[in-house]
Structures are given as C-alpha cells and as structure tokens.
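Worksheet for the structure shown next.
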Amino acid sequence: MVVLLLVLAAGLVAMGCVKADRVRRWRESFNPSAPELPDSAFVVARVALFAMAGIGVFSALQFMAVVADAEWSDDELASAVSQAAKELNGTSRFGDIYGDDSGFDEEFATMIEDEVVENGGGGAPQSGVNAGAAASNQPSGADYTVTAAGADASFCVHVVRTRSKEGDYEPPGIAGNPSTVTVPNYDFAVTSRTGAC
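Just so we're aligned, residue 1 is where the sequence shown starts under our numbering, counting upward by one.
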C-alpha cells in the first residue's frame, strides 16, 4: 500500500511537470477544433496535481507509522515480558470452588498475555501477544512461550501455583450457619527468561 501511494504521488508530480505547450500540442492532435486553454488553467492543474501528490506522500508516511505501531519490537517485548513476570510474581488468585483445574492452561496464558500487553508501554500495540503452553504443563507448574506479532524474539515464562489455605475465602452461610463453600486461594511465583520453553 505504501509503495502504491508513493508511485501514485510520483506519477502526479510527473504529470504536474509536463509543460503547457506539450499539453496544447497533444490536445490539438486529438481535437483540433477545441478552444485554446489559458495559462491559468495549467497553473490551477499543476497546483491540484502537486497537492494530490503531497497528500499521497503524507498518507504513505501515516500508513507506515500505523504499521510500525501495530507490531512489537524485540526490545518492547523483552521489557514487557520482564515487567509482567515481576508484577505477576507474588500475586494470588482464587481458584475454582469445585477443584476443577481443567482450564488452567488457558487461564494462565490469558493472565500472561494481558499482563504483557499492559506492560508494553505507550509505543507497543495493544494486541498481538501469544502465550503458547508447553505440552507438559500441570496446574502446579507450567511453562509458556511468549511471542508477539512483529518481534523475532521469544521468551519463556514459568508459572508455579501453590495452594495457600490461609488466603481461602469462606462466604457467610445462610441464616448464620457455617459456610459450606470454600473458595481456594493460590499464590503465584512467576519468572521469565529469554528463548522458547
């Protein structure tokens, strides 16, 4: 798209540089009975052609900036993953009240992706991050290879989840009776390193 806009702008500049006498000769060869055009018409046409070429160059530069903002650089990703691991390390979350850990891989991956995007900074895109789960992951310990659109680098994020009974939540029971439900609490230890897991 950028190349097309720049080629179009170059074509418009070339058209604006054609001399008025040459255009008059071409016009006369195609339609000899056409009335003569004043010089002011050529001035207006040149201004319009150069203005359109300028708009084309400006649009191409804006498009290049948008494309650059839509992709992650290796440095942006490295900084975001490192900061995300620091912020997730030591956090705690409530688990499933039925002890069902079947969705842990997707839950951990989403947690990592969201934190990396949040720590990407002002120049990084707000999407394009992928945390791919390792095949050997368990709810107690899991590895995720973090990649991003536009970045060649990858990072391994290691998540250790430990049950913390003192952080469990027991909602009040009905009519003052003791609670029958315990919402388990888990503490997270998160580290990162360069390279795939």
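The beta-carbon is built from N, C-alpha and C at its ideal position, and this holds for glycine as well.
Per the Cβ contact rule, the stretch 97-106 is not in contact with the stretch 47-60 (fewer than 3 Cβ pairs under 8 Å).
The shortest C-alpha to C-alpha distance from Pro172 to any of Lys165, Val181 and Glu166 is the one to Val181. By DSSP's assignment, Asp143 forms a beta bridge with His158. In the three-state reduction of the DSSP assignment, Ser40 falls in the helix class, which pools H, G and I. Remark: C-beta atoms of Val183 and Ala85 do not approach each other more closely than 7 Å.
Collapsing the DSSP output to three states places Asp187 in a strand. When the five nearest sequence neighbours on each side are left out, the beta carbons in the same chain lying within less than 7 Å of the beta carbon of Ser82 are those of Ser192, in order along the chain. Phe63 and Asp143 have their C-alpha atoms spaced approximately 37 Å apart. Between the alpha carbons of Phe108 and Pro139 lies a gap of roughly 9 Å. The beta carbon of Leu5 is closer than 8 Å to those of Gly56, Val57, Ser59, Ala60 and Phe63 in its chain, skipping five residues each way along the sequence. Boundaries of the beta strand (DSSP E) around Ala131: Val129 to Ala133. In this structure, DSSP gives Ala124 a state outside helix and strand, which the three-state scheme calls coil. For Ser92, the enclosing beta strand (DSSP E) begins and ends at Ser92 to Phe94. Proximity of the stretch 113-129 to the stretch 28-40 falls short of the contact definition, fewer than three beta-carbon pairs being nearer than 8 Å.
DSSP places Ser33 in the coil class of the three-state scheme, outside both helix and strand. Look at Ser82 here: in three-state DSSP terms it is helix. Sorting Thr194, Ala149, Ser164 and Ser179 by C-alpha distance to the C-alpha of Glu71 places Ala149 at the top. Following the DSSP letters along the chain, one finds Thr110 inside the alpha helix (DSSP H) bounded by residues Phe104 to Glu118.
If you compare the alpha carbons of Leu8, Gly128, Ser102 and Pro178 with that of Asp152, the shortest gap goes to Gly128.
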